[in-house]
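I have placed the structure first, in the form of structure tokens, so that the comments after it can refer back to it.
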Amino acid sequence: MSLRETTPRHSLRRRHLLRLALAAPLASSLPRQLTAQEQRIRLIVRGERPLNAETPVSVFDRLLTPTESFFVRSHFRPPAVGLRPWVVRVEGLVERPFQINLKELDTLRLEPSSIVAVLQCAGNGRAFFEPVVPGVPWRKGAVGCAEWSGVRLADLIRHAGLQPQAAHVHTLTADIPPHPQTPPFLRSIPLDRALHPSTLLATHINGEPLPAIHGGPLRLIVPGWTGNHWIKWIRGLVVSSEEAPGFYQQTAYRMPLHPVPPGTNPPPDQLVPVTELNIKSLFARPEDGAIIASGRQRLVGAAWSGFTPVERVEISINRGPWTPAQLGPAASPFAWRIWQHEWDPTPGHHELAVRATDAHGTTQPESTPWNKSGYLWNGIDRVRVEVRA
Amino acid sequence: MNHHPLTTPIALTLALLVGLFPIAPTPAQDDEEGERLALGRIAFDNACRMCHEPALVEQQRLNAAQWDAEIDKMIGWGARVAPEERPNLHAYLVAAFGPQNQPALQVLADPIPKPVAHHLVPPPPTASAQRGALLYAQHCANCHGPDARGGDPGQNLVDQESLLTPEPFAAIVANGRHRMPAFAEVITASASEDIRAWLLSLTGEPSPNP
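So the protein sequences, as listed, match chains A and B.
Under my numbering, read the first sequence as residues 225 to 613, first letter to last.
Under my numbering, read the second sequence as residues 124 to 333, first letter to last.
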């Protein structure tokens, strides 16, 4: 799917939705009892303002997570978008620094690019670590898979021309810290990752213009890497010989190189940046705690990894042997794969488990080695269900 | 547009109550302890709700040492906690959001909003950013900072959703909130539009790259 093909159809839909949203203001809708169906698709709130909210797992039964159900991660309050033209600067160790109004991006004649890729917060599953760690207590839903479209970051940087000492690309964003003492969300990615053909500056998600809440009008897409690299509200790219300074690059998003005893934190020289996603799978159906009618069931879910592809997904019923599930197609090297498995249960209580293994033979562990900030949880997903005759 | 950014971007619905949710201090047998926790909640509302609304904090399950470290971190980031309120605040956080905490499940009442750009209701042509700058310097700068990027105690006001509409901006200026005093006696609705016009003229330049 190219940017051009999908834009018109979806932007009509978007305008329609926008009208609806304006006609029925969100904040004035009265709290009411939600139907069971609505509860399943409503995002689970982890913080109201700024908004942090996760997707209910039932949505993970399909390749593309609908934009309205996509999880939201915000560090600071989002910037007001649209008050003035969105100008992006490219500067630092480049031959020809420039700035461009996003509306005129076309004039650079960069080739449009799209990729289906998993976006997962580094802290997805943080709530499962014992002992408990501080931070947004995500459970399963700070992940989703979408089609991201825009231009390659490499093309934009090469347009400015790299100087020989170039080694990192810093991302300047439009969200302002609440207080001068709060560190800005300043991050960088290494140059080779910036130049990788999968790394995009996206203006669209699932064929629609990227909503402000998801980092529109311009968001960095770093397939295979954790969400802390997928910077929202990009205003500037600064090529540098060094990593970005400051809390969010130098202190946050680091974890022990080797597992440590729970509750301990090794010295900084034994910490490495969190980058690549690890092998992981989840159930979409049935949900934990579900009561289901007896008869043949189809277990469904998603499995994903970073750069090493998912090779197999297996199911275990009541701690019995692992049996292969059926894996759906890989829409791209960075998309998740939907898996399914037929199950003929007897009435009673059952525990179902799913685990994925990548092409290097790495399998999900029972639980992920503890780390102080609760990153990269990929413990085996288990759900308990009751089957009624 | 009735999208009220100051209340919450999206209406929240409490869908399910899972277990106990000790958001308010439980009636303590010990009156002194009860009072301590009540004072702790007041300190929490004053010192901890400026930059994030409470759900982020209320869903934590941290022990006493972790809460101590968290308070230190937040003070370092610009939270103002007076030395005398700290013990109450700490006691409250540990009692309410300790390891035993079982937060309620909150779900969004509405789907995620999809606007690509925010909708601005500009101040009327009679509003003057110049007058606004003077009013701001006189009444607001000592807390929100001379450049409105945040100060003590007040958060950044530049490029915020709270500037998009006359209300609820005027309401918070008139009524105050937590440590923000009420200005109803001093600042009229049209003066509030002057201030909004000035704040809208400030641009959030990219974070400086040291």
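Here a beta-carbon is modelled for each residue, glycine too, at the ideal position from N, C-alpha and C.
Give a yes or no on whether 8 Å exceeds the smallest Cβ distance from residue i to chain B.
i, result
"Phe352 (chain A)", "no"
"Arg612 (chain A)", "no"
"Val445 (chain A)", "For the record, residue 445 (chain A) in the displayed sequence is Ile; it is not Val. Chain B, which has no Cβ nearer than 8 Å to the Cβ of Ile445 (chain A), makes this no."
"Arg270 (chain A)", "yes"
"Val356 (chain A)", "yes"
"Arg273 (chain A)", "yes"
"Val206 (chain A)", "There is simply no residue 206 (chain A) to check, as chain A begins at 225 and stops at 613 in what is shown."
"Asn276 (chain A)", "yes"
"Leu326 (chain A)", "no"
"Pro404 (chain A)", "yes"
"Gln400 (chain A)", "Correcting the residue type first, residue 400 (chain A) is Ile in the shown sequence and not Gln. Yes, contact with chain B."
"Arg608 (chain A)", "no"
Around the C-beta of residue i, are 16 or more other C-beta atoms found within 10 angstroms, so that it is buried, or is it exposed?
i, result
"Asp317 (chain B)", "buried"
"Thr475 (chain A)", "exposed"
"Ile503 (chain A)", "buried"
"Asp233 (chain B)", "buried"
"Thr331 (chain A)", "exposed"
"Thr395 (chain A)", "buried"
"Pro447 (chain A)", "buried"
"Ile515 (chain A)", "exposed"
"Leu481 (chain A)", "exposed"
"Pro246 (chain B)", "buried"
"Ala219 (chain B)", "buried"
"Ser253 (chain A)", "For Ser253 (chain A), the pLDDT reaches just 32, beneath the cut-off of 50, and the residue's location in the model is therefore unreliable, although a value from the coordinates is still provided. Exposed is the call here."
"Pro132 (chain B)", "At Pro132 (chain B) the pLDDT is 34, less than 50, meaning the model places this residue with poor confidence; the figure from the coordinates comes in the next sentence. Answer is buried; the Cβ neighbour count reaches 16."
"Val534 (chain A)", "buried"
"Glu193 (chain B)", "buried"
"Glu538 (chain A)", "buried"
"Val244 (chain B)", "exposed"
"Gly487 (chain A)", "exposed"
If you follow the beta strand (DSSP E) that residue i is part of, which residue opens it and which one closes it?
i, result
"Ser313 (chain B)", "From DSSP, Ser313 (chain B) is part of no beta strand (DSSP E) but of the alpha helix (DSSP H) over 312 to 324."
"Phe292 (chain B)", "That residue, Phe292 (chain B), is in no beta strand (DSSP E); its alpha helix (DSSP H) goes 289 to 298."
"Ala205 (chain B)", "No beta strand (DSSP E) contains Ala205 (chain B), which DSSP labels as neither H nor E."
"Arg579 (chain A)", "572 to 582"
"His175 (chain B)", "Looking at the DSSP string, His175 (chain B) is not in any beta strand (DSSP E), and its letter there is neither H nor E."
"His565 (chain A)", "561 to 567"
"Ala523 (chain A)", "In the sequence as displayed, the identity of residue 523 (chain A) is Leu instead of Ala. Segment 521 to 528, the beta strand (DSSP E) holding Leu523 (chain A)."
"Asp399 (chain A)", "Here Asp399 (chain A) belongs to no beta strand (DSSP E), and DSSP marks it neither H nor E."
"Glu610 (chain A)", "605 to 612"
"Gln223 (chain B)", "First-last for Gln223 (chain B): undefined, no H or E at that position."
Would you mind reading off the limits of the alpha helix (DSSP H) that contains residue i?
i, result
"His267 (chain B)", "264 to 267"
"Cys171 (chain B)", "154 to 171"
"Met197 (chain B)", "187 to 199"
"Val217 (chain B)", "209 to 219"
"Val180 (chain B)", "178 to 181"
"Ala391 (chain A)", "That residue, Ala391 (chain A), is in no alpha helix (DSSP H); it is neither H nor E in DSSP."
"Ile541 (chain A)", "It is not in any alpha helix (DSSP H) - Ile541 (chain A) instead sits in the beta strand (DSSP E) that spans 534 to 541."
"Ile381 (chain A)", "377 to 384"
"Leu267 (chain A)", "Where Leu267 (chain A) is concerned, there is no enclosing alpha helix (DSSP H), given that its DSSP letter is neither H nor E."
"Asp416 (chain A)", "415 to 419"
Of all Cβ atoms in chain A, is any one closer than 8 Å to the Cβ of residue i?
i, result
"Val281 (chain B)", "yes"
"Val217 (chain B)", "no"
"Trp321 (chain B)", "no"
"Cys171 (chain B)", "no"
"Glu176 (chain B)", "yes"
"Val204 (chain B)", "no"
"Val244 (chain B)", "no"
"Ala240 (chain B)", "yes"
"Glu155 (chain B)", "no"
"Glu316 (chain B)", "no"
"Gly255 (chain B)", "no"
"Gly163 (chain B)", "no"
"Gln189 (chain B)", "yes"
"Leu179 (chain B)", "yes"
For a contact meaning CB atoms closer than 8 Å, what does residue i contact in chain C?
i, result
"Ile455 (chain A)", "No chain C appears in the structure shown, which is made up of the protein chains A and B."
Completely contained beta strand (DSSP E) runs for the region 422 to 477 of chain A, where each covers 3 or more residues: 424 to 429, 443 to 445, 458 to 464
Uninterrupted beta strand (DSSP E) stretches inside the region 271 to 344 of chain A (no shorter than 3 residues): The region 271 to 344 of chain A contains these whole beta strand (DSSP E) runs: 276 to 278, 311 to 316, 322 to 325, 336 to 344.
Chain-ordered residues of the region 413 to 440 of chain A with a beta carbon less than 9 Å from chain B: Glu432, Pro433, Leu434, Pro435, Ala436, Ile437, His438, Gly440
Near-chain B residues of the region 557 to 587 of chain A (beta-carbon distance less than 8 Å), N- to C-terminal order: none
Every unbroken beta strand (DSSP E) inside the region 472 to 516 of chain A [3 residues or more]: 478 to 480, 495 to 497, 504 to 509
Positions along the region 488 to 514 of chain A whose CB lies within less than 9 Å of some CB in chain B: Against chain B - using a Cβ distance shorter than 9 Å - the region 488 to 514 of chain A contributes no residues.
Selection of the region 221 to 235 of chain B by Cβ proximity to chain A, strictly under 9 Å: Pro222, Pro226, Leu228, Gln229, Val230, Leu231, Ala232, Asp233, Pro234, Ile235
Residues of the region 279 to 305 of chain B whose Cβ lies closer than 7 Å to any Cβ of chain A, in chain order: Asn279, Val281, Asp282, Gln283, Glu284, Leu286, Leu287
Contacting positions in the region 285 to 311 of chain A - beta carbon closer than 8 Å to chain B: Thr291, Glu292, Ser293, Phe294, Val296, Phe300, Arg301, Pro302, Pro303, Ala304, Val305, Gly306, Leu307, Arg308
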